[in-house]
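J.: My questions will all concern the structure given below.
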Amino acid sequence: MDDVFVSRGSVIRVCLYAVIFLLFLELSLNFSVHRKTYKMVSSSRRILTTLEDVSRFSLIVNFSDPCGWMQNATIRDLQKIRDRGCKPVRVCSSSPSELVGSLATYKEAPSYKEMIKIYPLVRPGGLYTPPDCIARERVAIIIPFRDREEHLRILLHNLHPMLQRQQLHYGIYVVEQENGTQFNRAMLMNIGYAESIKLYNYTCFVFHDVDLIPENDRIMYDCRDSPRHLSSAVDKFKYKLPYPQLFGGVTAIKRAHFEKVNGHSNKFFGWGGEDDDMFRRLVNNGFKISRYQASLSRYKMIKHLHDAGNKANKRRHHLIKTGKGRYRRDGINNLHYKKLGIEYQYLHTRILVSINETKVMTS
Ligand code: UD2
Ligand code: MN
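Going by this note's numbering, the first residue of the sequence shown is number 4, and it counts up by one from there.
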């Protein structure tokens, strides 16, 4: 009887040890899973200089996508796509049924670590291909950037779900200017164009201020027959267009059109004028600028002060006035910068660049 009692006691003790052991195992496994995620996130923030480096950090940036795109696909094209083993056999709609219209915008954003879980279909580098249909074109979203990390997180949190509903094949490129120099928004956008087409054959560019949050997902981030000014109703301007020639904020331009006008001017250092110059460039090259109706073009601008490295450009009026004579030699065909690094993060690709003002102004 005694013997039985002792053995029952030891069975209970063994069970207890087993439970403690299992608990410990569970905890440590959990920890290592989290640690691994964290490690991957932090390594993805490292500056990577070449595409090959990416594989070292287990961030596979896969730009090739035989199923991803087909412009004006015919029935025969679709058949060919199916023969290649691709599932989707229909072209994405230009106004998908998933769109909801007016949006409750996010004014805050979770950490990147959390956002990666929220947007699992976004591939490293901030790339996305619609899974159920063939996108009509390849869109590079270009964001000129410096020292607005929180704005960027909020923008990505708002853009990714919207662009996915729009069924676009897209990539998000953040072009960051190094500190200590006057900011040059237009040149950063030219660099975004030049660097993104080295990575993938984009056909459409959406140039996007980091602090503008769309309020309606029916404002399609694609390119149509004429260059588009998307952000024509901004809360900061009481949702009214301040003047008809405004071309700042968010714009969408076909690659061929952007190349026809030689991109933006590189000469606008500091705040202001670069957008007006681009408007004139397009109009003087025979383009009509189009806009969506005001109810779709609504944006919230995240509140901000003016940045120390982006002082009002005193030369802007002179540069605009004399711009016409420079279109052919000041733009994407005359782009001098130093690429300091490229990082493939989970929700965007970041390109860090250095711009030498004296060299740009004299070239
Ligand atoms: C207006 C225009 C903007 C541009 C600017 C004049 C609208 C809605 N916006 O913006 O497109 O023409 O006037 O240059 O018409 N940035 C940084 N870090 C900086 C400075 C600027 O990331 O230190 C980037 C960022 O993407 C920002 C954009 O440049 O959204 C424009 O700068 P801003 O927001 O300071 O200027 P804002 O609001 O007057
Ligand atoms: Mn702003």
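Glycine included, each C-beta is placed from N, C-alpha and C at the ideal position. Note that the structure is predicted; figures quoted are calculated from it, not measured.
Indicate, with yes or no, if the ligand UD2 has a heavy atom lying under 8 Å from the CB of D225.
T.: Numbered from 1 along the sequence shown, position 222 holds the residue referred to as residue 225. D225 Cβ: outside cutoff for every heavy atom of the ligand UD2.
J.: I need the DSSP call for C207, collapsed to helix, strand or coil.
T.: Residue mapping note: residue 207 aligns to position 204 of the sequence shown, counting from 1. Reduced to three states, the DSSP call for C207 is strand.
J.: Please classify V22 as buried or exposed, where buried requires at least 16 neighbouring CB atoms within 10 angstroms.
T.: Position 19 of the sequence shown holds residue 22. The residue is exposed, with fewer than 16 neighbouring Cβ atoms inside 10 Å.
J.: Quick one: grab the DSSP three-state call for G12.
T.: For the purposes of this step, residue 12 is identified with residue 9 of the sequence shown, where counting begins at 1. G12 falls in the helix class under three-state DSSP.
J.: Would you mind giving the Cβ-Cβ distance between N337 and N269, rounded to the nearest angstrom? I have them listed as a contact below 8 Å.
T.: Taking the first residue of the sequence shown as 1, we reach residue 337 at position 334. Taking the first residue of the sequence shown as 1, we reach residue 269 at position 266. 7 Å between Cβ atoms; contact.
J.: For the segment 203-216 against the segment 283-303, are there 3 or more C-beta pairs whose distance is under 8 Å?
T.: Yes, the segment 203-216 is in contact with the segment 283-303.
J.: May I ask whether a heavy atom of the ligand UD2 can be found less than 8 Å away from the beta carbon of R277?
T.: For the purposes of this step, residue 277 is taken as the residue at position 274 of the sequence shown. According to the sequence displayed, residue 277 carries Glu and not Arg. Answer for E277: yes, Cβ within range of the ligand UD2.
J.: Please enumerate, following chain order, all residues with a beta carbon closer than 6 Å to at least one heavy atom belonging to the ligand MN.
T.: My final list is D212, D214, M304, H307.
J.: So, using beta-carbon positions, are V125 and L350 closer together than 9 Å?
T.: In the sequence shown, residue 125 corresponds to position 122, counting from 1. In the sequence shown, residue 350 corresponds to position 347, counting from 1. Yes.
J.: In angstroms with no decimal places, state the Cα-to-Cα distance between D310 and Y115.
T.: On the sequence shown, residue 310 is found 307 positions in, with the first residue counted as 1. On the sequence shown, residue 115 is found 112 positions in, with the first residue counted as 1. C-alpha separation (whole angstroms): 24 Å.
J.: Buried or exposed for C18, please, with buried defined as at least 16 other CB atoms from any protein chain shown within 10 angstroms of its CB.
T.: Within the sequence shown, the letter at position 15 stands for residue 18. When all chains shown are included, C18 counts as exposed.
J.: Where does L299 fall in DSSP's three states?
T.: Counted from its first residue, the sequence shown places residue 299 at position 296. If DSSP states are grouped into helix, strand and coil, L299 belongs with coil.
J.: Output the distance between the C-alpha atoms of R221 and E111, rounded to the nearest integer angstrom.
T.: Your numbering for residue 221 matches position 218 in the sequence shown. Your numbering for residue 111 matches position 108 in the sequence shown. The straight-line gap from Cα to Cα measures roughly 22 Å.
J.: Touching or not, the segment 149-158 and the segment 196-214, by the rule of three or more beta carbon pairs under 8 Å?
T.: Contact holds: three or more Cβ-Cβ distances are below 8 Å.
J.: For a test of the three-state rule: what should DSSP assign to T132, helix, strand or coil?
T.: Residue mapping note: residue 132 aligns to position 129 of the sequence shown, counting from 1. Coil at T132, not helix or strand.
J.: So who's on the other strand from L374, going by DSSP bridges?
T.: Any property of residue 374 remains undetermined from this structure, which presents the chain solely from 4 to 366.
J.: Quick one: any contact between the segment 139-146 and the segment 101-111, if contact means 3 or more CB pairs under 8 Å?
T.: As far as the Cβ criterion goes, the segment 139-146 does not touch the segment 101-111, which means the pair count is below three.
J.: Using beta-carbon positions only, say whether F186 and G195 come within less than 9 Å of one another.
T.: The sequence position of residue 186 within the sequence shown is 183, counting from 1. The sequence position of residue 195 within the sequence shown is 192, counting from 1. No. Outside cutoff.
J.: Following the continuous alpha helix (DSSP H) through R168, name the residue where it begins and the one where it ends.
T.: To locate residue 168, count along the sequence shown from 1; it is residue 165. Per DSSP, R168 belongs to the alpha helix (DSSP H) from 152-168.
J.: Following a CB-centred definition, is V237 positioned closer than 8 Å to any heavy atom of the ligand UD2?
T.: Locating residue 237 in the sequence shown gives position 234, counting from the first residue. For the ligand UD2, at least one heavy atom lies less than 8 Å from the Cβ of V237.
J.: Alpha carbon to alpha carbon, what distance is there between G174 and Y203?
T.: As a first step, residue 203 must be located in the sequence shown, where it is residue number 200. As a first step, residue 174 must be located in the sequence shown, where it is residue number 171. So the alpha carbons of these two residues sit roughly 9 Å apart.
J.: If we call anything under 9 Å between Cβ atoms a contact, is R188 one with P147?
T.: Position 185 of the sequence shown, counted from the first residue, corresponds to residue 188. Position 144 of the sequence shown, counted from the first residue, corresponds to residue 147. Contact: yes.
J.: Beta-carbon within less than 6 Å of T206's beta-carbon, same chain only, minus the 5 sequence neighbours each way: which residues are those?
T.: If you number the sequence shown from 1, residue 206 lands on position 203. Excluding residues within five positions, the ones whose Cβ falls inside 6 Å are E140, R141, R258.
J.: Would you give the residue range spanned by the beta strand (DSSP E) that L191 belongs to?
T.: Mapped onto the sequence shown, residue 191 falls at position 188. That residue, L191, is in no beta strand (DSSP E); its alpha helix (DSSP H) goes 188-202.
J.: Where do the N-terminal and C-terminal ends of the alpha helix (DSSP H) with F261 fall, by residue?
T.: In the sequence shown, the residue the question calls residue 261 occupies position 258. Start and end: 258-263.
J.: If you measure from the CB of P147, is any heavy atom of the ligand UD2 nearer than 8 Å?
T.: Position 144 of the sequence shown, counting from 1, holds the residue named residue 147. P147 Cβ: within cutoff of the ligand UD2.
J.: Restricting to Cα atoms, I'd like to know which of K241, N316, K263 is closest to F271.
T.: As a first step, residue 271 is located in the sequence shown; it is residue number 268 there, counting from the start. Among K241, N316, K263, the Cα nearest to that of F271 belongs to N316.
J.: Going by DSSP, what residue range makes up the beta strand (DSSP E) through H172?
T.: Working through the sequence shown from its first residue, we reach residue 172 at position 169. Start and end: 172-180.
J.: Could you spell out where the beta strand (DSSP E) holding L215 opens and where it closes?
T.: Within the sequence shown, residue 215 is the residue found at index 212, counting from 1. From DSSP, the beta strand (DSSP E) with L215 extends over 215-217.
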